[in-house]
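Undergrad:
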Amino acid sequence: MALICILDDRVTNRNIFARLAATIEPDVDVRAFGNPLEALAWMADNTPDLVVTDFKMPDIDGAEFTRRFRQLAGCDDVPVVVLTVYEERSFRLSALEAGATDFLQSPVDHHEFLTRARNLLKMRRQQLLIASRAMTLEHELRTSEQSRAQALRDSTERLAQVIDTVPAMISAADRQGRCIFVNAHQAAVKGVEAADLLGRTAVDLFGEEQGVRSAALDRLICESGTGLPSFEEEITGLDGETRYVLTTKAPLRDANGEIVAVLTTSLDITDRRRAERHLRHLAHHDTLTDLPNRALLHERVRHEIAQARRSDRKFALHLFDLDRFKGINDVLGHHFGDRLLRAVADRLRATVRESDTVARLGGDEFAILQSNVATPEDTAELARRIREALSAPFRFDGEEVLTSASIGIAIFPDNGFDVDDLLKNADLAMYRAKADGRDGFRAFAADMDTNARAITVLESDLRRALSRNEFELHYQPQVALSTGQIVGAEALIRWRRENGDLVSPGEFLPRAEENGLIVPINNWVLREACQQAAAWSSEGLPRLRVAVNLSGMQFIKTDVEALVLEALEESGSRPIAWSSS
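Numbering (the working numbering), first residue to last: 15 to 595.
1) What do you get for V25, buried or exposed, if any count of 16 or more other CB atoms within 10 angstroms of its CB means buried?
2) When the Cα of V501 is compared with those of Q384, E512 and R559, which residue comes out closest?
3) Looking at the unbroken alpha helix (DSSP H) that takes in T497, where does it start and where does it end?
4) Per the DSSP calculation, G422 is bridged to which residue(s)?
5) Buried or exposed: where does K263 fall if 16 or more other Cβ atoms within 10 Å of its Cβ makes it buried?
6) Opposite I18 in the DSSP bridges: which residues?
7) How long is the line joining the alpha carbons of V42 and E126, rounded to whole angstroms?
8) Any chance the segment 335-352 sits against the segment 410-419, with 3 or more Cβ pairs inside 8 Å?
9) By the DSSP assignment, the alpha helix (DSSP H) with F69 in it spans what residues?
10) In this structure, does DSSP put T150 in helix, strand or coil?
11) Which class does S405 belong to by DSSP, given the choice of helix, strand or coil?
12) Using a Cβ-Cβ cut-off of 6 Å (strictly less than) and excluding sequence neighbours within five positions of D178, which residues of its own chain qualify?
13) Contact between the segment 525-532 and the segment 490-508 is defined here as three or more beta-carbon pairs at a separation below 8 Å; is this criterion met?
14) What three-state label does DSSP hand L293 in the structure shown?
15) Grab the span of the alpha helix (DSSP H) containing P265 for me, first residue to last.
16) So which of T284, S238, A77 and L305 has the shortest CA-CA distance to V276?
17) For the putative contact between C193 and A187, defined by C-beta atoms under 8 Å, what is the C-beta separation to the nearest angstrom?
18) Comparing alpha-carbon positions, which option in A419, A53 and R189 lies nearest E272?
19) Assign W56 to buried or exposed, taking buried as 16 or more other Cβ atoms, counted over all protein chains shown, within 10 Å of its Cβ.
20) Hey, how far is the Cα of R392 from the Cα of H295?
21) I need the straight-line Cα distance from L436 to S120, nearest angstrom please.
22) For R446, report the span of its alpha helix (DSSP H) as first-last.
23) Which residues mark the beginning and the end of the beta strand (DSSP E) in which E575 is found?
24) Which residue wins for smallest C-alpha separation from E584, given the options Q545, I382, S418 and K571?
25) Can you find the residues in the same chain that come closer than 6 Å, C-beta to C-beta, to F343, ignoring five residues on each side of it along the sequence?
26) With a threshold of 8 Å, are at least 3 pairs of Cβ atoms found where one atom belongs to the segment 220-231 and the other to the segment 91-101?
27) Using only CA atoms, which one of C236, G221, G241 and R510 lies nearest to T256?
28) Have a look at the DSSP bridge pairing and note the partners of H299.
29) Thinking A58 and L17 are a contact (beta carbons under 8 Å), I'd like their distance in whole angstroms, please.
30) Span of the beta strand (DSSP E) holding N596?
31) Assuming A309 and H298 are in contact, meaning their beta carbons sit under 8 Å apart, how far apart are those beta carbons, in whole angstroms?
32) State the beta-bridge partners of E527 as determined by DSSP.
33) The alpha helix (DSSP H) spanning V533 covers which residue range?
34) Would you say L555 touches the ligand SAM, meaning its beta carbon is less than 7 Å from a heavy atom?
35) Along the chain, where does the beta strand (DSSP E) that runs through I184 open and close?
36) Using alpha carbons as the reference points, say which of V94, A457, H124 and D123 lies closest to A112.
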């Protein structure tokens, strides 16, 4: 059973990583700590197989915790992963110098966390397996004094056979830097027999760059007397392909405890690295267009903000969706709509600079992060290029489609200091562009936020007005010119606010159309008009035709015929049979 220790002073993070760790494999034992000193005290008597620690904690930070942990008995080669929100290289270096095996950048991708943790546990088991087998052989030697020499020879051969079966590159070099042992896997990587590598230098085994580095680390181990935690490095295979390995170095001692050689073990993690890259790509890109998604756009905007603050420069965020896309999707089908979105993505990629980012936020909504903006004219020029790129017809299987974009622009730092503000203000500017007639662009202005708030208040008041029956109908008589008699009336809605003010339909009906409230408002108007017609009839007045204005949305969202019949039945009104003749 693997023992995993989670160390984080924040309860939420601690619980999240503890639950993630528990899913790495069956029967895993997870222990979580909020204080690094308490964790060290517990680990003095309990050796974990993997430690995941936050960098910033009370009392001591993640680097100091790792340094102290390495001093505990049996913990010098236990994998330690440090989590940090800091992007600066110095924090990562301090963690690695303290003995950390690996580190992850917060916010941590859960898939990446599980993949790395699983591989580090695999490496730990292989180390323990080798150590266990070595201890078994040592025990056999001690219990067989009479055949010590023969047992030593036999155990050495068996150990060599065991090590040859391990899917890792294993070698040992003496204090003079000469190879005294190499397993079959290491020799196969070089494409030679193991015996041909004995007596050779690290440069002969690993190549110039890696060999020089390996020899320097071996000398450091001989001087310090302690091994090194696992670290990643690149090697070049026989086919010239770059591969990634996780390397561990440890001292080998003689019977007197003197260091006589350094053991190097390297595990190929190329497939893991490829899987990590693939998972990261999936997590940060749109599956339909392969453009960066909302998460990656946020990440790049945050990075751009940090760069802009250091260099006192500006950048812009363009937000837009496709005009008339819903109609195209409904009429021609989702498959056609998907092809259109991919084609739009291709045109946008060809329109921007390499330093800019095109992202799909969902549906037909896109965003472009424009870096290095010197003047507002730079943003206007890009917006014009976007419109021009989308103006040419899209053709698929004989079908020709025209679309356009309504673009909203927000500039950092003029229109916002963080991602959310920039997106919100670009969105407000986009809706202003739509209101101005679509197929255009607008830069954010301060009054847009004020107008947006006013619209939000109006929408809230409209909903309350509907529930409080604040609407009323006024009736416009319809007169027959030939006789001068009133033959009908047109029902006109008005909104009388709670304070008595009367609001004309032009001020609230357009918003009701946008947010869908027009449907229940029309329902009320129809029923109220029928009730009034029935009241006039019961008062002895001649029967009149009553006209009700309905929104086009009413015919899309409801069965108008059934609605009219229901209103007539509820009111007791009888329909007037008439013809256009």
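Note that the Cβ used here is the ideal one computed from N, Cα and C, for glycine as well. Remember, predicted model here, so these are calculated numbers, not experimental data.
TA: Based on what the coordinates show:
1) exposed
2) R559
3) Unbroken run through T497: none, as it is neither H nor E.
4) L333 and R456
5) buried
6) V44 and L64
7) 18 Å
8) yes
9) Looking at the DSSP string, F69 is not in any alpha helix (DSSP H), and its letter there is neither H nor E.
10) helix
11) helix
12) N197 and A198
13) no
14) helix
15) Run containing P265: none in the alpha helix (DSSP H); it sits in the beta strand (DSSP E), T256 to R267.
16) S238
17) 6 Å
18) R189
19) exposed
20) The sequence given here places Asp at residue 392; Arg does not occur at that position. C-alpha separation (whole angstroms): 30 Å.
21) 23 Å
22) V433 to A449
23) Run containing E575: none in the beta strand (DSSP E); it sits in the alpha helix (DSSP H), V574 to S585.
24) Q545
25) One point to set straight first is that residue 343 is Asn, not Phe, in the sequence displayed. The residues are G351.
26) no
27) G221
28) P306
29) Not quite, the Cβ-Cβ distance comes to about 14 Å (not below 8 Å), so this is no contact.
30) Because residue 596 is not part of the residues shown, which for the chain are 15 to 595, the question remains open.
31) 6 Å
32) Note: E527 sits in no beta bridge, so no partner.
33) I532 to S552
34) With respect to the ligand SAM, the structure offers nothing, as it holds no ligand at all.
35) M183 to D188
36) V94
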